[in-house]
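Undergrad: Residue numbers (this note's numbering), protein chains in the order written: chain G, 598 to 1033; chain F, 56 to 344.
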């Protein structure tokens, strides 16, 4: 390559750079230099417990635009596609200069799919207009909605830039039920009682039953995934604790006592904020499984240890008289009996562990309590927590029943379960009854 | 098998936060009658003069808030007493109304409006709470006393932008029940659709989470973000201030319109006599606006 071609090359690079710069500038600046720039148009999700915008139901549209050089905006008219409506909406008008509120006010007049906002004084360069239109409706068939319209600047009516499309969906079945409930007199009467309305609002029970479901699965998933690990870990530490070696015993004692002696809440915080700090980034749910497994293992270790120690010393002696070693005795004689004895307590611990997954909501795991909290924070109503309670009970009540049944069975087999003679008094009473 | 202690005791610390709203509703309904007679003479006469508003504890303006929102409200490191802009405002309010101030322990932000609505726990919630239509449906809001905006906060040097955060798989922490949460859900729908907007109990947990990399960003009120970054979380930055022009108000039960009126009058007085400006100077170094 000779000198000239290098120079040519350099020149064309410069030319391309200038062109690119001009293009970037053209993009950065609003297309028409004298235009009210639509900043954004967004809608508040109105699906109870969801994140979608449903058409045909009241929602809130937030529309923002910035006045540009040469602008003197007197009024703005927003237009929704056919089927959308601003009727019976209320509009909060905020005008800002930078981050500071300005004194300019406005007045909004909704009419069908149009909304006109007149300002108390014209808005010039740099002013941000922010309209929050509450209780407006998007077209009920759903789809991408573009907010357009016109504005008046310097006495001239100009076209507004179309907003970025807002995705909306048609009404859902759940929302349909909720709307039906909204109009039932008995529901209104029920909700007018402050306590019932706050904790047992029928509409929210319906929506939360559906929207809490994924959280319930996450809870179940976490506890079911963590428990096998907890059982294995627990068994290891239980055996360490009853071991003959001092060091193993010491390790097990420290492990069990530290974990049982500190709140699960604290352990969750340490794992969730500690591990990422060491650049270990694991999915929240997996972290949850780890914490629950480690925490449960300490309790299970104690349960297993007590189970092992509850086997009478005679069994060890009998085993050793048969010539069995320590390990053989443990595996063949002691542990099988232990398993049966600890099943009720382990089940109770499982119940506790299942309920304890709720603590994971404090660090953002999307489990049952998190969903409820979410819904409560949106609605300002406690009903989602009550629904969450129902979800917990669906799991815990049958398990509690299982524990009772097993406990009874064990008690019966341990005391021998032959037929018992009837109590004497009862027999005597029967005789008296016969005589009369 | 007696040594198998259970662990119900663990529950307390964490469920405390989320359940407190529930407890609070039941908790203190009876207080008002028990200590009825013993309010100070000056207070009761002033209260009587300014209308027939009801107070949970006679002679006292009982306040609730979420005390993890500095500089508006936080707890003193040493004493655990509530301190902050809103606390000073509440004291000045009470003074102007001839009352004493009575602060309750911190509770989750999203439980404040339900607690005020249910009544019996506190007279007012003063918690850097933006006046919104939704809240006004549940409770009365006083006249605005502070202007605020939102902000997106990330780790210093983060390459995120407002646009890049709106993607599936991004995690954005917010405080449950706040306008920041609303903003994130509305403006970052792609993240929200995949449960990417994570509502937490307080903003400190959100900031710690962004610091440690658990979340990509957080959305909260600009004054709080600036204050916290300046004072405690120096490795975070305000990625972008979001002009919303929102205004804070004080939440009062709808059953107590006389109290709302009295508070608005006191706020107006504090505006005139410079009390509010003084408090702003204390907490923000200069007068706002």
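Positions of the beta carbon are idealized from the N, C-alpha and C atoms, including for glycine.
Just so it is clear, the structure is predicted and the values come from calculations on it, not from any experiment.
Is the shortest distance between the beta-carbon of residue 294(F) and the beta-carbons of chain G less than 8 Å?
TA: no
Undergrad: Using a beta-carbon distance cut-off of less than 7 Å, what residues from the region 786-797 of chain G approach chain F?
TA: Correct list: 791 and 795.
Undergrad: Residue 759(G) and residue 721(G): beta carbons closer than 8 Å?
TA: Contact: no.
Undergrad: Measure the C-alpha to C-alpha separation of residue 290(F) and residue 712(G) and round it to an integer number of angstroms.
TA: 45 Å
Undergrad: Quick one: give me the first and last residue of the beta strand (DSSP E) that residue 119(F) is part of.
TA: 115-119
Undergrad: Is residue 797(G) helix, strand or coil when you go by DSSP?
TA: Three-state result, residue 797(G): coil.
Undergrad: At what residues does the beta strand (DSSP E) containing residue 657(G) begin and finish?
TA: Here the beta strand (DSSP E) through residue 657(G) covers 655-663.
Undergrad: Check whether the Cβ atoms of residue 654(G) and residue 791(G) lie closer than 8 Å to each other.
TA: no
Undergrad: What does residue 242(F) reach in chain G if we use C-beta pairs closer than 8 Å?
TA: Within 8 Å Cβ-Cβ: 637 and 639.
Undergrad: Which term fits residue 717(G), buried or exposed, when burial requires 16 or more other beta carbons within 10 angstroms of its beta carbon?
TA: exposed
Undergrad: So, for residue 174(F): in the same chain, excluding its five sequence neighbours on each side, which residues have a beta-carbon less than 7 Å away from its beta-carbon?
TA: 308 and 310
Undergrad: May I ask you to verify whether the region 263-283 of chain F touches the region 149-166 of chain F, counting CB pairs closer than 8 Å and requiring at least 3?
TA: no
Undergrad: Measure how close the beta-carbons of residue 249(F) and residue 223(F) come, nearest whole angstrom, since I'm counting them as under 8 Å.
TA: 4 Å
Undergrad: Write down every uninterrupted run of the alpha helix (DSSP H) in the region 215-281 of chain F whose length is 4 residues or greater and which is fully enclosed by it, in chain order.
TA: 217-220, 234-242, 244-248 and 258-267
Undergrad: Give the DSSP-derived three-state secondary structure of residue 154(F) in the structure shown.
TA: coil
Undergrad: CB residue 797(G) to CB residue 928(G), shorter than 8 Å?
TA: no
Undergrad: Give me the residue from 315(F), 282(F) and 266(F) with the minimum Cα distance to residue 873(G).
TA: 266(F)
Undergrad: What's the gap between the Cα of residue 876(G) and the Cα of residue 268(F)?
TA: 8 Å
Undergrad: Got a sec, what are the start and stop residues for the beta strand (DSSP E) residue 1121(G) sits in?
TA: The structure shown does not extend to residue 1121(G), since chain G is modelled only from 598 through 1033, so no value can be given for it.
Undergrad: By a C-beta neighbour count over all protein chains shown, 10 Å radius and 16 as the cutoff for buried, is residue 863(G) buried or exposed?
TA: exposed
Undergrad: Taking its Cβ as the centre, do 16 or more other Cβ atoms sit within 10 Å of residue 808(G), making it buried, or is it exposed?
TA: Residue 808(G) counts as buried, since no fewer than 16 other beta carbons sit within 10 angstroms of its beta carbon.
Undergrad: Run through chain B and tell me which residues come within less than 8 Å of residue 978(G), C-beta to C-beta.
TA: In summary, chain B is missing from the structure at hand, where the protein chains are G and F.
Undergrad: At a threshold of 7 Å, does residue 247(F) count as lining the ligand NAD (C-beta to nearest heavy atom)?
TA: Judged by which ligands are present, the structure shown has none, so any question about the ligand NAD falls away.
Undergrad: Which residues of chain F have a Cβ atom closer than 7 Å to the Cβ of residue 933(G), listed in chain order?
TA: The premise fails here: residue 933(G) is roughly 16 Å from chain F at the closest Cβ pair, so nothing lies under 7 Å.
Undergrad: Around the C-beta of residue 786(G), are 16 or more other C-beta atoms found within 10 angstroms, so that it is buried, or is it exposed?
TA: exposed
Undergrad: Does residue 818(G) come within less than 8 Å of chain F when only Cβ atoms are used?
TA: no
Undergrad: Tell me whether residue 972(G) sits in a helix, a strand or coil according to DSSP, three-state version.
TA: helix
Undergrad: Just the C-alpha distance for residue 845(G) and residue 824(G), rounded to the nearest angstrom, thanks.
TA: 23 Å
Undergrad: With distances taken from CA atoms, which of 295(F), 285(F), 257(F) and 304(F) is nearest residue 958(G)?
TA: 257(F)
Undergrad: Give the residues from the region 688-700 of chain G that approach chain F closer than 8 Å (Cβ to any Cβ), ordered along the chain.
TA: 689, 691, 692, 693, 695, 696, 697 and 698
Undergrad: Assuming residue 892(G) is part of the alpha helix (DSSP H), what are its boundary residues?
TA: 881-906
Undergrad: Would you mind sorting residue 789(G) into buried or exposed? The rule is 16 or more other CB atoms within 10 Å of its CB.
TA: In summary, residue 789(G) is exposed, with fewer than 16 beta-carbon neighbours lying within 10 Å of its beta-carbon over all protein chains present.
Undergrad: Within the continuous beta strand (DSSP E) that includes residue 693(G), where are the two ends?
TA: 687-694
Undergrad: For the structure I just gave you, are there three or more beta carbon pairs, one from the region 760-771 of chain G and one from the region 651-666 of chain G, closer than 8 Å?
TA: Yes: the two stretches touch, three or more of their Cβ pairs being nearer than 8 Å.
Undergrad: Kindly indicate which three-state DSSP category residue 927(G) falls into: helix, strand or coil?
TA: helix
Undergrad: Give me, in chain order, the residues of the same chain whose beta-carbon lies closer than 6 Å to that of residue 683(G); leave out the 5 immediate sequence neighbours on both sides.
TA: 707, 712 and 733
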